[in-house]
Ligand SMILES: Cc1ncc(COP(=O)(O)O)c(C=O)c1O
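This is the structure:
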């Protein structure tokens, strides 16, 4: 055992670095008495829309609700099919299931990204949307996805929960399709101090539907145009996010520097790191490698004080909740194989170069000894 601690995330370091500026902002929201909706939320929507270069952005309580509301706005309903990968966080598929639609899984590439060739083969007369997931900040090939969607007249809804600030051909993730859904969960690169999310649109009409549905379907204080939900973003979270948005590019820069460092230090004989596509800029929400003897390595890193994670150890099609879909072991071999080999190393913006060196040396020496 060791006294060394290299945490996987470090939210207290983030708070220490911003407390002086952020506390008065939070205090002013509390003093204003407007906690739900209001100008502070409007300001965040304007700021994040400008950052994404998206015409319309609606703040919501989570990416999960962004996905449900976004799919519903696209008209996805019972009997429809939505194509999505089985190696995402459960919420991508849950949103499809909540609407009574059928998730149609397609397997992924060695990089863990949705395989466009398989997407094309999975299209049927019932396919209503394609939901690529930019896992960990790595961009799905949006040239191919958009081309396939256009040729088949199918909508694209991006699960950009993990990819705020990633780009493909210089265009921000979440702005390729009709709908782009983002999470502001505390672990994300743009994080709230609780749950949060937002959803962006090309069409004002779709944005307005979601704007109403996130708040009971109200169009004024007393008139309900459609039955809705309570999926709003709190004013405090909006204020925190507007502030943190000003630091997002610096956060991404640090994470990209950390990723470069790992690439130069980890031994490629033992650690597979998928290359970035030259067309993408990965924001590195996570740094996922693929290794043999993964669980043994995790135990070793833990004993050395190094925090890690797995995104995700159980593929969605093998979750107990997915039993009714009828899949089993072997249904999506690439995803299943990766689920046993993937390991997420710490990459947060508070890590020092020395800490990345220690993590890399500890991984390398585990295999080299
Ligand atoms: C890929 C993906 N989709 C959706 C979500 C759901 O986001 P939220 O927790 O904001 O509902 C997450 C959250 O981690 C995610 O990683």
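Residue numbers (this note's numbering): 2 to 370.
Ideal Cβ placement from N, Cα and C applies to all residues, glycine included.
Thinking C-beta only, is residue j closer than 9 Å to residue i?
| i | j | result |
| --- | --- | --- |
| residue 262 | residue 309 | no |
| residue 211 | residue 178 | no |
| residue 342 | residue 291 | yes |
| residue 104 | residue 82 | yes |
| residue 106 | residue 312 | no |
| residue 100 | residue 69 | yes |
| residue 65 | residue 216 | no |
| residue 42 | residue 236 | yes |
| residue 129 | residue 102 | yes |
| residue 113 | residue 266 | no |
Can you tell which of the options has its C-alpha closest to the C-alpha of residue i?
| i | options | result |
| --- | --- | --- |
| residue 258 | 348, 131, 335 | 348 |
| residue 294 | 5, 180, 128, 365 | 365 |
| residue 165 | 227, 178, 182 | 182 |
| residue 356 | 329, 325, 318, 305 | 305 |
| residue 279 | 30, 192, 168 | 168 |
| residue 54 | 27, 100, 203, 37 | 203 |
| residue 123 | 19, 136, 86, 254 | 86 |
| residue 22 | 240, 225, 176 | 240 |
| residue 191 | 337, 174, 246 | 246 |
| residue 176 | 133, 97, 194 | 133 |
| residue 187 | 162, 118, 154, 214 | 162 |
| residue 94 | 367, 369, 322, 344 | 322 |
| residue 213 | 195, 119, 232 | 232 |
| residue 40 | 350, 234, 337, 286 | 234 |
| residue 268 | 358, 27, 6 | 358 |
| residue 336 | 249, 111, 276 | 111 |
DSSP three-state call for residue i: helix, strand or coil?
| i | result |
| --- | --- |
| residue 195 | coil |
| residue 142 | coil |
| residue 212 | helix |
| residue 45 | helix |
| residue 288 | strand |
| residue 229 | coil |
| residue 363 | helix |
| residue 305 | coil |
| residue 179 | coil |
| residue 202 | strand |
| residue 90 | coil |
| residue 75 | coil |
Regarding residue i and ligand 1, is the C-beta to nearest heavy atom distance less than 8 Å?
| i | result |
| --- | --- |
| residue 134 | yes |
| residue 21 | no |
| residue 90 | yes |
| residue 336 | no |
| residue 196 | yes |
| residue 320 | no |
| residue 186 | yes |
| residue 15 | no |
| residue 168 | no |
| residue 93 | yes |
| residue 63 | yes |
| residue 162 | yes |
| residue 58 | no |
If contacts are defined as beta-carbon pairs under 8 Å, then residue i and residue j qualify, I think. What distance do you get, rounded to the angstrom?
| i | j | result |
| --- | --- | --- |
| residue 244 | residue 49 | That belief does not hold up - the Cβ atoms of residue 244 and residue 49 are roughly 12 Å apart, past 8 Å. |
| residue 193 | residue 238 | 4 Å |
| residue 272 | residue 307 | At roughly 14 Å, the Cβ-Cβ gap does not stay under 8 Å, so residue 272 and residue 307 are not in contact. |
| residue 11 | residue 139 | Actually they do not touch by this definition, with Cβ atoms about 22 Å apart. |
| residue 328 | residue 318 | 4 Å |
| residue 274 | residue 344 | About 11 Å; that fails the 8 Å criterion. |
| residue 88 | residue 316 | 6 Å |
| residue 150 | residue 172 | About 15 Å separates the two Cβ atoms, so there is no contact after all. |
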